[in-house]
Structure formats: C-alpha cells, structure tokens
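Residue numbers (my numbering): 893 to 1447.
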C-alpha cells in the first residue's frame, strides 16, 4: 500500500490536482488511518471522479471505456462460462465479450479477488476504467440482459401488476427519494426517460442536466406508474401525452410538481417540474439586473398604458421577471389580471386565470374576457397568434398596461415576429413601450472561485474586446474551480443577462421593412445599449460568472 500511495502522491503533485497545503493535510491524516490516498482525496472532495479515473488510467496503464455497453443478448451463451455474478461482486463489469477476449470495466482497482479468478478463464482479459456512476449505470444495463433479471420485469401492458408495484414500499421510497434529493440539490426539473434499454433519471440544476442515481430495472415501469398515479394521470394510457400535478411536502418544503408524459418509440418520457411554494422572491432587485437597466425598467413601470414584452426561450426566467414587475406594482388601488398556461405561482392580491384550450378558452378568448373586467394591468402568458397580439396592443391603446412574452432570440427580432403575425406598423409604434430579451447563466461559487492571472485576463480582454464594455464596478475575471459546496461544478445559483430595447421615437421612425433588424442593431450600438452577450460579459467582469458561461448562454 505504501508504494501505491507514493505513486498517487507523485501523480497528484505532477498534475497539480490540489495545492501543497491540502496535500500535506491529506498525507498527515492518511498516516492515522488505513485509507488509501486516492480514496481519501476523493472522499474529502479534493479530487472528483473524473480526475480519479485519469489517475487510475495513468498508474495502471489502461484506458477509459468510451460509449455504451457492448454486451448483447446474443453474448449470453459465452457469458455462461464466466461467473459474472462473482465478477460484479468484486467490482468488475463485463463490457464486451467474444470467444477469445473479455473486456472488463472497473471503478476501483482495490479488489484482488476478481483478478485471481480471471486466471482460470480461457479468455484474454483487457481492463478499462469507468467512474463509479458510470459503473452503476452500465451495471443496470448488464443486469437487464440476464434471463434471471428479465423474469422480474413487469410488462407495461399488465396494468394491475404495475399499480400494485407502484403502491409498494420500494417504489414509494424510490420516488420520494428522487424528489427529496432534487429539492435538496435545488433542481428545477426531474427527467425520467428511456435510453439504451433502461430508464435514466436526470436533474436540471442551474439549467444543466445532471445524471441522478440509477433506477433499478425491476422498478422502472413502477416508478413511471407511481408518478402517473400521484399526478392524476391514467396509468393505462401510453399512446398520448398526459399532464398532471402533484402537491406534496418534501421535508418541510411545500412543493407543487407539474408532471408531463410523452410517448416515445420505446417507453415514455416523464418530466417533473418542481415549483417550491414561497421560495421564489419576486423582487426586481434580486434578479441580478445591472442598475442602469433597473432604472430603465422602473421608468417603464410608471406608464399607465402600453405593452412591455419579454422574450427568450423556455427556461430563461421570463415568467419570474414578469411576476417581479407585477409584484412591484401590486397595490390596493390597482387591479391586476393575468392569463397563464399554467399558473405557476400564486401571487396574493392578483387575479390569475388559467387557460384551458380543451374548452376553447385560449389566450385570445381569455384576453377578450379580461378586458371586460376593468383591469389596470394585464399579463398575457404568451403571444402566439395574430388575434392575441392584436387584442394586447389594442388594449394598450385603450388605457391598459400589458405585459407579455414572445419566443424570439433577442429584443429586435420581437418586432419581426409581431410583423410575421400580421400586426400593422401603426399598432407597433403606438402600443409598444419596450422589449427585453433574457437568458439565465450560472453564477460562480463564492467558496471556490479564483481570479484569472494577469496574463489570462489580458488574453480574454483582447479576445472578447472587453475594454469596449463600460465597467461601472470592475472586479476582474474569475474561473470556476469546484468544491464540495457546489457539487464540484464551480457554479452555484443563476443570474439574468438582459438586453433592453426602448421603443422610443427613434425606433418608431424606422421603416418596418426588411432592413428593420439591421437598423435596430445599429441603433442599439449607437445608443450604447448592451446586447445579451455584452451584458453577460459585463457580469463576467464583475466576477459574477465566467467568460465560458457567457459564451455558452449568449455567445
């Protein structure tokens, strides 16, 4: 063990995986335990699984396994000559096999029993390293190919048995565990979907999907059925999409979960969106907007009529921003009515209406009804068609302040979108107050972020022309490192990038023709209005996020 620890020590030093202070602490602690140095570094959170995998590949002169499991049902006869159950117990996983060669994956090299057994088989053996999480996922796929495991799988057509399994303790505990862990990690969504003959679960955390613990093969269909039962769906229906809702407690947290199923070629995809009651603070100052943009928005909110549009893709925080605007204006002498699909968060003092397309109560029909309710402020969840757009703009002309969203990439293209919907130029000029485009990017973890060196900063300034960006509070560029607090991602939380386009007289004077977009971009540059990318680069200069995250989101 001493020789192994020495090799690990040399590798960690040579590759600068941790600083000398932490390495000294690890070596000191290691002398008081029987832990191997690599395991101690992993358990302490000082290196991650990918770094550990690189270490093993280097020290053991092997390679990482790339791609899915290469074992098929036709290989079962060959595998009968090998004690695969024993190999799995020893941490060795068959990845590919033929008459002459057996490829085995391992997550940890610290088990010799399996290696001793391999001396007695006729196959030539080649080893590949895989991370612990990959090992568990591939192991589940391997089990699915064995006849013994196949007998345990309930057919998706056996509704009675699926319902019985869905109500059983193992399934109940597993679903509760997936939900509770998602809430603890701050996930916005949980995805359960079929892939490569199994179901995988993934959390969306700060906009990025992250693999969850594997779902046992024998409980996969039962988990889908459990979600359907909890959300009021029909567990026998697998041919059409379904929607449902779960209200529950996750520990002390009150939780609304919006559930959606989608039939795929092999199984169903389930997405669960977590809406934590009372957790979101709809405060304009908490959105992360720069002060100059907050000043522009506050001036817009003083208007008594007109349309304020928010644009961006799904998941860009449009609804949260609009709720924050409404919350700021929510006073006893103002009547606010919203039309949403669905109503995600309930705001006290605001009349919130749910769209129901099945009975013909869509956005356009709902908006016609709302304007007869004598509101001062209206929010329409989304403008999708000519009628909704026209009613919204006409409502603005009759003394209403209207908020809504459209799906476009940036603020100027919202004009062309409305023109594509058939809105006349006079309505656009008379009705629009401002258009904002938004994206959400991950913020750096405060515990582990590190400033770039002077040379690195100089390179980034030159590459992205950062000197051209007005920097009212320059802190400096930083890089994501990763620690235990941020799950070794280097990021924790999200911030909004905002592009603001005022629909002022300069914009109104522009001809609404095929040159409009180019003219709007030129006008924004002339007025020194930041694009989404430039606002993101400003956040990077302020030490809020990284250049890499800016380019991922708005590059």
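Don't be surprised by glycine CBs; every beta carbon is placed ideally from N, CA and C. Owing to the predicted nature of the structure, the values given are computational and were not obtained by experimental measurement.
I need the straight-line Cα distance from residue i to residue j, nearest angstrom please.
{"i": "residue 921", "j": "residue 911", "result": "16 Å"}
{"i": "residue 1333", "j": "residue 954", "result": "37 Å"}
{"i": "residue 1034", "j": "residue 971", "result": "11 Å"}
{"i": "residue 1179", "j": "residue 1210", "result": "11 Å"}
{"i": "residue 1044", "j": "residue 1058", "result": "With a pLDDT of 46 at residue 1044, under the threshold of 50, the modelled position of this residue cannot be trusted; read the value that follows with caution. C-alpha separation (whole angstroms): 15 Å."}
{"i": "residue 1030", "j": "residue 1098", "result": "26 Å"}
{"i": "residue 1245", "j": "residue 1269", "result": "14 Å"}
{"i": "residue 1200", "j": "residue 1116", "result": "41 Å"}
{"i": "residue 1452", "j": "residue 1436", "result": "No information on residue 1452 is available, as it lies outside the stretch 893 to 1447 that the chain covers here."}
{"i": "residue 1384", "j": "residue 1205", "result": "22 Å"}
{"i": "residue 863", "j": "residue 1119", "result": "Nothing can be reported for residue 863: it is not among the residues displayed for the chain, which extend from 893 to 1447."}
{"i": "residue 1347", "j": "residue 1188", "result": "36 Å"}
{"i": "residue 1338", "j": "residue 1156", "result": "41 Å"}
{"i": "residue 1440", "j": "residue 1326", "result": "29 Å"}
{"i": "residue 1370", "j": "residue 1376", "result": "19 Å"}
{"i": "residue 1420", "j": "residue 1360", "result": "10 Å"}
{"i": "residue 1103", "j": "residue 929", "result": "27 Å"}
{"i": "residue 1374", "j": "residue 1350", "result": "24 Å"}
{"i": "residue 1433", "j": "residue 1324", "result": "32 Å"}
{"i": "residue 1113", "j": "residue 1344", "result": "48 Å"}
{"i": "residue 1396", "j": "residue 1321", "result": "9 Å"}
{"i": "residue 1082", "j": "residue 1249", "result": "26 Å"}
With a 10 Å radius around its C-beta and 16 neighbouring C-beta atoms as the bar for buried, classify residue i as buried or exposed.
{"i": "residue 1422", "result": "buried"}
{"i": "residue 1296", "result": "buried"}
{"i": "residue 1017", "result": "exposed"}
{"i": "residue 1328", "result": "buried"}
{"i": "residue 1184", "result": "exposed"}
{"i": "residue 1042", "result": "Its pLDDT being 43, under 50, residue 1042 is placed unreliably in this model, and the value from its coordinates should be taken loosely. Looking at its Cβ environment, which holds fewer than 16 other Cβ atoms inside 10 Å, residue 1042 is exposed."}
{"i": "residue 895", "result": "exposed"}
{"i": "residue 1318", "result": "exposed"}
{"i": "residue 1398", "result": "exposed"}
{"i": "residue 1431", "result": "buried"}
{"i": "residue 1090", "result": "buried"}
{"i": "residue 1291", "result": "exposed"}
{"i": "residue 1084", "result": "buried"}
{"i": "residue 960", "result": "exposed"}
{"i": "residue 1101", "result": "exposed"}
Determine the closest residue to residue i out of the options, with distance taken between C-alpha atoms.
{"i": "residue 1313", "options": "1147, 1278, 1274, 1209", "result": "1278"}
{"i": "residue 1152", "options": "1134, 917, 938", "result": "1134"}
{"i": "residue 1024", "options": "1372, 1395, 948", "result": "948"}
{"i": "residue 1094", "options": "1076, 1111, 1110, 1070", "result": "1070"}
{"i": "residue 1390", "options": "1282, 1176, 1194, 1243", "result": "1176"}
{"i": "residue 1427", "options": "1388, 1150, 1384", "result": "1388"}
{"i": "residue 915", "options": "926, 1140, 937", "result": "937"}
{"i": "residue 1336", "options": "1357, 1381, 1349", "result": "1381"}
{"i": "residue 1007", "options": "1032, 974, 961, 1288", "result": "974"}
{"i": "residue 1243", "options": "1357, 1215, 1205", "result": "1215"}
{"i": "residue 1367", "options": "1386, 1342, 1383, 1354", "result": "1342"}
{"i": "residue 999", "options": "1108, 940, 1440, 1088", "result": "940"}
{"i": "residue 1077", "options": "1440, 1227, 1379", "result": "1379"}
{"i": "residue 945", "options": "1405, 1026, 1163, 1102", "result": "1026"}
{"i": "residue 1072", "options": "1141, 1405, 1247", "result": "1141"}
{"i": "residue 1220", "options": "1195, 1206, 1174, 1054", "result": "1174"}
{"i": "residue 850", "options": "1144, 1241, 1052", "result": "Beyond the ends of the chain as shown, which are 893 and 1447, falls residue 850; an answer cannot be given."}
{"i": "residue 1015", "options": "1358, 1032, 994", "result": "994"}
{"i": "residue 1262", "options": "1356, 1392, 1283", "result": "1283"}
{"i": "residue 897", "options": "913, 917, 909, 927", "result": "927"}
{"i": "residue 1129", "options": "1395, 1105, 1154, 1251", "result": "1154"}
{"i": "residue 1281", "options": "1123, 1353, 1309, 1264", "result": "1309"}
{"i": "residue 1166", "options": "1055, 1311, 1075", "result": "1075"}
Within a Cβ cutoff of 6 Å, which residues of the same chain sit near residue i, ignoring the five residues on either side of it in sequence?
{"i": "residue 1159", "result": "1086"}
{"i": "residue 1412", "result": "1304"}
{"i": "residue 997", "result": "957, 985, 987, 1020, 1022"}
{"i": "residue 1010", "result": "1017"}
{"i": "residue 1425", "result": "1446"}
{"i": "residue 1288", "result": "1197, 1198, 1199, 1294, 1323"}
{"i": "residue 923", "result": "none"}
I'd like the list of long-range same chain contacts for residue i, defined as Cβ closer than 8 Å, with 5 residues on each side in sequence excluded.
{"i": "residue 950", "result": "903"}
{"i": "residue 1213", "result": "1179, 1202, 1328, 1330, 1388"}
{"i": "residue 1402", "result": "1408, 1411, 1412, 1415"}
{"i": "residue 1040", "result": "A caution first: residue 1040 carries a pLDDT of 44, below 50, which makes its placement in the model unreliable, though a value can still be read off. No residues qualify anywhere along the chain."}
{"i": "residue 1429", "result": "1356, 1358, 1361, 1439, 1442"}
Answer yes or no: does any C-beta atom of chain D fall closer than 8 Å to that of residue i?
{"i": "residue 1243", "result": "Here there is only one protein chain, and chain D is not present."}
Cutting at 7 Å between CB atoms, please list the residues of its own chain near residue i, excluding the five before and the five after it.
{"i": "residue 1208", "result": "1330, 1331, 1332"}
{"i": "residue 967", "result": "989"}
Please confirm if the stretch 1255–1268 is in contact with the stretch 1221–1233, defined as three or more CB-CB distances below 8 Å between the two stretches.
-> yes
Report yes or no: do the stretch 1284–1304 and the stretch 1056–1063 share at least 3 C-beta pairs separated by less than 8 Å?
-> no
Do the stretch 896–913 and the stretch 923–942 touch if we need at least three Cβ pairs shorter than 8 Å?
-> yes
Please determine if the stretch 999–1007 and the stretch 980–989 are in contact, where contact requires at least 3 C-beta pairs separated by less than 8 Å.
-> yes
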